[in-house]
Amino acid sequence: MKRRSLLQSALGTGGLLSLGGCALNPLGQEVAQLTRPLNERIEAWMQATTPVPEFKRNQVEPAALLVNSFNGIPEINLDNFSLTVDGLVQQPQQLGLSTLGQLPQQEIVIRHVCVEGWAAIVAWGGVRLADVLRLAEVSPLAGYVAFESADGYFETWDLRTALHPQTLLATQMNGAPLPVANGAPLRLTSPLKLGYKLSKWITAIHVLDTLNPHRLGTWEDQGYEWYAGL
Amino acid sequence: MESQHHHPLWTRTLHACNGALLIGMASSGLQIYNANPVFGGRAGEPIPSLFTLGGWLAGGRWWHFGLMGVFAFVLGSWLLLLMQWRRQRLGRGGDLETLSASANAKKRNYAIHKILYTLMLVVLSLALLTGLAMYKPATLWWLSGWFGSWQQLRVLHFATVPVMGVLVLGHVLLSLKLGGLRLLRTISW
Ligand code: HEM
Ligand code: HEM
Chain E
6 MKRRSLLQSA
16 LGTGGLLSLG
26 GCALNPLGQE
36 VAQLTRPLNE
46 RIEAWMQATT
56 PVPEFKRNQV
66 EPAALLVNSF
76 NGIPEINLDN
86 FSLTVDGLVQ
96 QPQQLGLSTL
106 GQLPQQEIVI
116 RHVCVEGWAA
126 IVAWGGVRLA
136 DVLRLAEVSP
146 LAGYVAFESA
156 DGYFETWDLR
166 TALHPQTLLA
176 TQMNGAPLPV
186 ANGAPLRLTS
196 PLKLGYKLSK
206 WITAIHVLDT
216 LNPHRLGTWE
226 DQGYEWYAGL
Chain B
2 MESQHHHPLW
12 TRTLHACNGA
22 LLIGMASSGL
32 QIYNANPVFG
42 GRAGEPIPSL
52 FTLGGWLAGG
62 RWWHFGLMGV
72 FAFVLGSWLL
82 LLMQWRRQRL
92 GRGGDLETLS
102 ASANAKKRNY
112 AIHKILYTLM
122 LVVLSLALLT
132 GLAMYKPATL
142 WWLSGWFGSW
152 QQLRVLHFAT
162 VPVMGVLVLG
172 HVLLSLKLGG
182 LRLLRTISW
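If you read the protein sequences in the order shown, they are chains E and B.
Counting from 6, one number per residue, gives the positions in the first sequence under the numbering used here.
Counting from 2, one number per residue, gives the positions in the second sequence under the numbering used here.
1. Compute every distance between the C-beta of residue 116 (chain E) and the non-hydrogen atoms of ligand 1, then say whether any falls below 8 angstroms.
2. In this structure, does DSSP put residue 93 (chain E) in helix, strand or coil?
3. How far does the beta strand (DSSP E) with residue 149 (chain E) in it reach, from first residue to last?
4. Please report the straight-line C-alpha distance between residue 188 (chain B) and residue 62 (chain E), rounded to a whole angstrom.
5. Run through DSSP, which three-state label would residue 182 (chain E) get?
6. Check the Cβ of residue 37 (chain B) against every Cβ in chain E and list those closer than 8 angstroms, keeping chain order.
7. Hey, does residue 132 (chain B) have any beta-carbon neighbour from chain E nearer than 9 angstroms?
8. Show which residues of chain B have a CB atom less than 8 angstroms away from the CB atom of residue 179 (chain E).
9. Grouping DSSP H, G and I as helix and E and B as strand, with all else coil, what is residue 45 (chain E)?
10. Excluding sequence positions up to five away, which residues of its chain have a Cβ less than 7 angstroms from the Cβ of residue 179 (chain E)?
11. Is any non-hydrogen atom of ligand 1 found closer than 8 angstroms to the C-beta of residue 41 (chain E), if you look at the structure I gave you?
12. Any heavy atom of ligand 1 closer than 8 angstroms to the beta-carbon of residue 33 (chain B)?
13. Could you have a look at residue 32 (chain B) and say whether DSSP puts it in helix, strand or coil?
14. Apart from the five residues just before and just after residue 188 (chain E), which ones in its own chain have a Cβ nearer than 6 angstroms to its Cβ?
15. Identify whether residue 39 (chain B) lies in helix, strand or coil by the three-state DSSP scheme.
16. Any beta-carbon of chain E closer than 9 angstroms to the one on residue 33 (chain B)?
17. Might you give, ordered along the chain, the residues of its own chain that have their beta carbon closer than 7 angstroms to the beta carbon of residue 56 (chain E), omitting 5 neighbours on each side?
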């Protein structure tokens, strides 16, 4: 008898806890903020400045790469397309696709990880973002980079990850020209950031010294984590 | 009254903290699950919201990653303290022998009991490792490499919830069988 009533009260407590869970939902952001500064410090400290080991080309998983977009696929006129690089730079740039094509090309075979939980090994080809930023001569005061996309998507990054040797502006995917659904003509890719940091259809890059806390990124402004390092 | 406290204060405290944190980790994990179910992907069946914590994906991640450090600290210090001062209470090879060789039912039950709660600590350590492997797959690439494909890694991490569910149930029932409410009191207050 006693045993049964104990079990019942245990089950009852479980039920209460899960109901309480819903009431607890709004508290989540506070819990996250308590531990996030330490988490981010540890992440930035651990994060490789040396390259992340890559996969083999035959390990790519084309079917696993799902397409996410917050606002459909934008129409981009490729004839007069150019990438703007401005902000805290000595030499602001307007780079056409042919100019970008003349920079050193690199392929990385990495795991693309989505915040939703799925992941896919992808071979991305393109130019190093570091080379593009070097053309523009970034000011020593700079600390952040903002990316604008043709569909209105917005992102901001720490300069350190932007300059990482495996952070690319991709124009190729799995050995073929980048499909429009995956961000053509230009998208970001890096083994070091979650998928929502990897903007598609990029049209402009702004180099910044500080971040506007109300304009961190399309999903970040809804509550998703800003650093989102992998 | 005093003599009822067979378990030192630290193990009682960590036992309780671990239990509470586990509820938070499991329910926020199940919230994350719903953004893209491990089984079935976008077409997969979501977990009922009764069992989830956070309300939406970012909310689930606030809790899961907000609590993970505390969870790791509690589990880690409990393991260290147990191995240092209560090693004789943890399961070991000899318990498996007792299980197969001893004719004494009570002895056998105690052996199962020890194996069971020690196994829970192992499963939770694995949850921590598979969790870290998915949290920082690039920085901790060597760790992520231990667990095979991404899907295998996800299944292993998710398995913590059903496996712990069964083990906790067995642990509670067996504790009650072995020592009833008296034993429960020695670990709770
Ligand atoms: C320090 C410990 C832990 C860390 C670092 C961690 C990390 C993670 C990460 C990164 C994810 C997202 C996975 C993905 O994107 O697919 C996740 C999901 C999940 N976690 Fe944990 N976790 C930890 C402990 C736990 C524990 C103790 C439990 C259960 C009691 C748990 C249950 C879950 C579940 C059910 C999911 C959803 C599975 C999925 O969608 O892939 N986690 N965890
Ligand atoms: C949630 C996960 C749980 C884990 C990982 C766990 C683990 C453990 C461990 C390692 C011990 C041995 C502690 C020591 O001797 O210092 C223990 C003892 C005990 N636990 Fe748990 N436990 C859990 C949940 C529960 C629950 C929910 C109950 C009851 C409602 C419970 C009841 C007991 C009792 C009565 C003992 C004393 C057993 C004895 O001295 O033989 N445990 N538990």
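Glycine included, C-beta positions come from ideal geometry on N, C-alpha and C.
Keep in mind the model is a prediction, meaning the values are calculated, not measured.
According to the structure data:
1. no
2. coil
3. 149 to 154
4. In a straight line, the C-alpha of residue 188 (chain B) is about 54 angstroms away from that of residue 62 (chain E).
5. strand
6. 119, 121, 122 and 123
7. no
8. The premise fails here: residue 179 (chain E) is roughly 17 angstroms from chain B at the closest Cβ pair, so nothing lies under 8 angstroms.
9. helix
10. Within the same chain, residue 179 (chain E) has close Cβ partners 65, 67, 127 and 128.
11. For residue 41 (chain E), the Cβ stays outside the 8 angstroms cut-off from all heavy atoms of ligand 1.
12. The closest heavy atom of ligand 1 lies less than 8 angstroms from the beta carbon of residue 33 (chain B).
13. helix
14. 205 and 206
15. coil
16. yes
17. 170 and 171
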